[in-house]
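What follows is a set of notes on a single structure, which appears directly below.
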Amino acid sequence: MTALLDRLLDRPVAPVAAPRTEKRRIRLDWIARHSIAIALAIMFLTPVVYLVLLSLMTSDQALTSDYWPNSWHPENYLKVFQATPLPHYLLNTMIYAVSATVLTLASSVPAAYALAKLKFRGRNLMFLTVICVMMLPPQVVTVPLYLMWARYGLTGSLWPLIIPTLFGDAFCIFLLRQFLLTIPSEYLDAARVDGCGEWRTLLRVVLPMARPGIAAAGLFQFFFCWNDYYGPLLYTSENESSWTLSLGLASFRTVHHVDWNLVTAATVLAMAPLIIIFFFAQRSFVQGITLTGFKG
Amino acid sequence: MGVRLRRGAITFSFLAPALIGIAAFFVYPLISAVYFSFTKFDLLSVPQWVGLDNYRRMADDPFLLQAVRNTLWMVAVFVPVRILGAIGLSMLLVQFKRGAGIYRTIFYLPALIPPVAATIAFVYLLKPGTGPVNHLLEMVGVDGPLWFNSPAWAKPSLVLLGLWGIGELMIIFLAAVLGVPESLYEAASLDGANAWHKFRSITLPTIRPVILFAAVTGVIYTLQYFDQAAVAGSIASGQATVGAGISQSFGYPEGSTFTYPLWLYTVGFRYSALGYANALAIALFAVALGVTVILLRRAKAFSGEES
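Residue numbers (full-length UniProt numbering), protein chains in the order written: chain A, 1 to 296; chain B, 1 to 307.
Take a look at the structure:
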């Protein structure tokens, strides 16, 4: 697993010992590959670069088909903080994403540990149920859940999004279980022989070893909440003071008819934290993604 | 017996939060949805039993037909295009001995961007009048399409948007492709196999389970496709709103982006036909469950066994 991850992240340079006649062909291949990759890289980067450029224009120039700002206006980013409810959206998004991440991890780790390392009757059934919940389109249970939260008077707030995270998240449980399976059971047996109870084994032995898996699961949850549009649309759209970034961005146009530069500045601000986090935690990401998909 | 009971209690203590969660946010709403699907009610009235009426209504609902068509279009086009794109990128990346890291990071980056932000970016990028894409096409003498403002091009535009965010699937395929033993390729080279041959007879069989995984998760993802379709419709039509109001711009232009989940949301939260919305939900559930069962029966990673 670790070896694969190393290769995924940084492929070691394999020594090439080719005869001279082969060298020309290899060089041509090299050029062809890099040309394709560079062309694709430009295509992948263009939308982001274009947004950033738009966000630095005047609002008049942003309405034209120019790509390059005539004059640079980084103060647009200040303006979007002062003249729009963006700080408020940002705060709501942070509240949602941070609390949901912490609570999801706290409630999912024990369940994932039980599914991966404890033997009990109904374990397969429980695991299958977790998979089904994970695969279930959220729209299936939307109406009954909405009615339930409405009955408790909690629609219009972030509570319907946060409270469920107290009770585990199917994707998080699945991801953590896959990671915990890679920890050899001998470590746990050793702890048990030393007289550790199951909870102590989990907290003292498993948690430190599972840190990369927990980091990956936490990051995914944080990103999911940060990006979530359907949940906030469903529960908070009736009350603007509970709106998150996704919701705010989607409705910016009505509030600020022509200020494309501000809309794009807000859009850049919504994605910047994610990209920064990614650069610091690339390894966890790649590991998490690999865990969810590669075993056939 | 006492020890066993104690062990059971400890195991239960690990599982309790998740069990409550599954009961309260999965089993309970699912059973309610089944019951509600046989009733008629709105936010102000009490459910009234109407038998199979809601399911019969599905048979002649022109909007539902359109939504099903659009969703099937997305399943038929988006799912295979995504898989081919991800395999293509991963096959390109494994070729590099040096520099793969930077390309991989760039290809992955868009997958991080919030769907709402990514959709806004694409609507600007593809804007018919002033967008840079049509500007570029014009420079090479091509009359660019209307993209998100054209009934024929709106769904292909969404597919492009989806391809841009292909990073996660690419990493999954990259891991699978890197897992193929180098010795197999070397042996094939000695036998004089060319690149396509090697791909066909070595890479493809090894990554077949991953293709199945990608197909199933892709179909599930497409069945619940909501955010991008909703936001693209509302921004491109120029009437961005939220709440029940957003459903007014759903499907823009001319219903071409009206997917199944959008119709479900509209029925439930704009028309408050909650009984009918639940019938639509149960139909969606049946399809999603069927697709999931295919994966569960085929993929080892999902079995309860330790792997």
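We put the CB at the ideal spot given by N, CA and C, even for glycine.
Own chain, CB closer than 8 Å to residue i, minus 5 neighbours either side, in chain order
| i | result |
| --- | --- |
| A:L9 | Q282, R283, V286 |
| B:I120 | V231, I235 |
| B:S157 | F122, L126, W147, F148, A232 |
| A:H73 | L56, M57, T58, N261 |
Same chain, Cβ closer than 6 Å to residue i, neighbours up to 5 away in sequence not counted
| i | result |
| --- | --- |
| A:S157 | S242 |
| A:A215 | S284 |
| B:L295 | V216 |
| A:L154 | P160 |
| B:N54 | S37, G275, Y276, A279 |
| B:K40 | Q48, V50, G275 |
Residue i versus residue j - alpha carbon distance
| i | j | result |
| --- | --- | --- |
| A:L56 | A:P184 | 53 Å |
| A:E186 | B:R200 | 41 Å |
| A:I163 | A:T93 | 15 Å |
| A:P137 | A:L188 | 36 Å |
| B:L92 | B:P205 | 18 Å |
| B:Y103 | A:L91 | 34 Å |
| B:V133 | A:F280 | 32 Å |
| A:P85 | B:R7 | 53 Å |
| B:G51 | B:V68 | 23 Å |
| A:A270 | B:A152 | 31 Å |
| B:E305 | B:P145 | Confidence in B:E305 is poor, its pLDDT being 44 and thus under 50, which makes the residue's placement too unreliable to answer from. |
| A:V13 | A:R27 | In this prediction, A:V13 has a pLDDT of 49, which is less than 50 and means its spatial position is unreliable; nothing more can be read from the coordinates. |
| B:V94 | A:W30 | 13 Å |
| A:L51 | B:P110 | 13 Å |
| A:A39 | A:N124 | 47 Å |
| A:A150 | B:S249 | 25 Å |
| B:L84 | B:V293 | 23 Å |
| B:S247 | A:V205 | 51 Å |
| B:F63 | B:L280 | 12 Å |
| A:F252 | A:V263 | 7 Å |
| A:D228 | A:R33 | 37 Å |
| A:S246 | A:T165 | 20 Å |
| B:G268 | B:L223 | 17 Å |
| A:A106 | B:H197 | 49 Å |
| B:G167 | A:T290 | 12 Å |
| A:N239 | A:L233 | 10 Å |
First through last residue of the alpha helix (DSSP H) which encompasses residue i
| i | result |
| --- | --- |
| A:A210 | Where A:A210 is concerned, there is no enclosing alpha helix (DSSP H), given that its DSSP letter is neither H nor E. |
| A:A190 | 185-193 |
| B:H135 | 132-139 |
| B:S150 | Per DSSP, B:S150 belongs to no alpha helix (DSSP H) and is neither H nor E. |
| A:Q82 | 75-83 |
| A:W72 | Unbroken run through A:W72: none, as it is neither H nor E. |
| B:Y265 | 260-269 |
| B:S272 | That residue, B:S272, is in no alpha helix (DSSP H); it is neither H nor E in DSSP. |
| A:N124 | 123-135 |
| B:Q224 | Element bounds for B:Q224: n/a, residue is neither H nor E. |
Contact set between residue i and chain B, taken where Cβ atoms lie within less than 8 Å
| i | result |
| --- | --- |
| A:T64 | T130 |
Per-residue contacts from residue i into chain A (C-beta, under 7 Å)
| i | result |
| --- | --- |
| B:S32 | P144 |
| B:V116 | Y229, S246, L249, A250 |
| B:Q48 | Under the 7 Å cutoff, chain A gives no residues; its nearest Cβ is about 15 Å from B:Q48. |
Beta-carbon contacts of residue i that lie in its chain and below 7 Å, excluding the five residues immediately before and after
| i | result |
| --- | --- |
| B:V291 | V216, V219, I220 |
| A:F127 | L115 |
| B:Q228 | P115, T119, L158, L161 |
| A:Y96 | L158, L161, I162, C225, T244 |
Interface residues of chain B facing residue i [CB-CB closer than 7 Å]
| i | result |
| --- | --- |
| A:F222 | Correct list: empty, because the minimum Cβ distance to chain B is about 11 Å. |
| A:E186 | Correct list: empty, because the minimum Cβ distance to chain B is about 14 Å. |
| A:A41 | Y103, I106 |
Nearest to residue i (by Cα), restricted to the options the options
| i | options | result |
| --- | --- | --- |
| B:V27 | A:L78, A:T142, A:L249 | A:T142 |
| B:Y271 | B:R82, B:I171, B:L44, B:I31 | B:L44 |
| A:S71 | A:D169, A:A112, A:V49, A:T58 | A:T58 |
| B:V34 | B:L289, B:L295, B:F285 | B:F285 |
| B:A117 | A:I173, A:A266, A:V193, A:I42 | A:A266 |
| A:S108 | B:F173, B:F96, B:I20, B:W164 | B:I20 |
| B:S256 | B:A214, B:L65, B:P115 | B:L65 |
| B:G88 | A:G288, A:A37, A:G168 | A:A37 |
| B:T130 | A:D60, A:T292, A:F222 | A:D60 |
| A:A112 | B:L264, B:P17, B:I211, B:T266 | B:P17 |
Closer than 8 Å: residue i CB and nearest the ligand SAM heavy atom
| i | result |
| --- | --- |
| A:L203 | Among the ligands in the structure shown, none appear at all, so the ligand SAM cannot be discussed. |
Residue i: contacting residues in chain B (beta-carbon distance under 9 Å)
| i | result |
| --- | --- |
| A:C225 | Per Cβ cutoff of 9 Å: no residues; A:C225 is ~11 Å from chain B at best. |
| A:E198 | R7, I10, T11, S13, F14 |
Amino acids of chain A, ordered along the chain, whose beta-carbon sits closer than 8 Å to that of residue i
| i | result |
| --- | --- |
| B:V79 | Simply none; closest approach about 15 Å. |
| B:Y124 | Y50, L51, L54, W260, T264 |
| B:N278 | V143, P144 |
| B:A288 | M135, L136, P137, V140 |
Interface flag, residue i vs chain D, CB-CB below 9 Å
| i | result |
| --- | --- |
| A:Q282 | Going by chain labels, chain D is absent from the structure shown, which instead holds the protein chains A and B. |
Interface residues of chain A facing residue i [CB-CB closer than 9 Å]
| i | result |
| --- | --- |
| B:G218 | None at all; the shortest Cβ gap to chain A is about 12 Å. |
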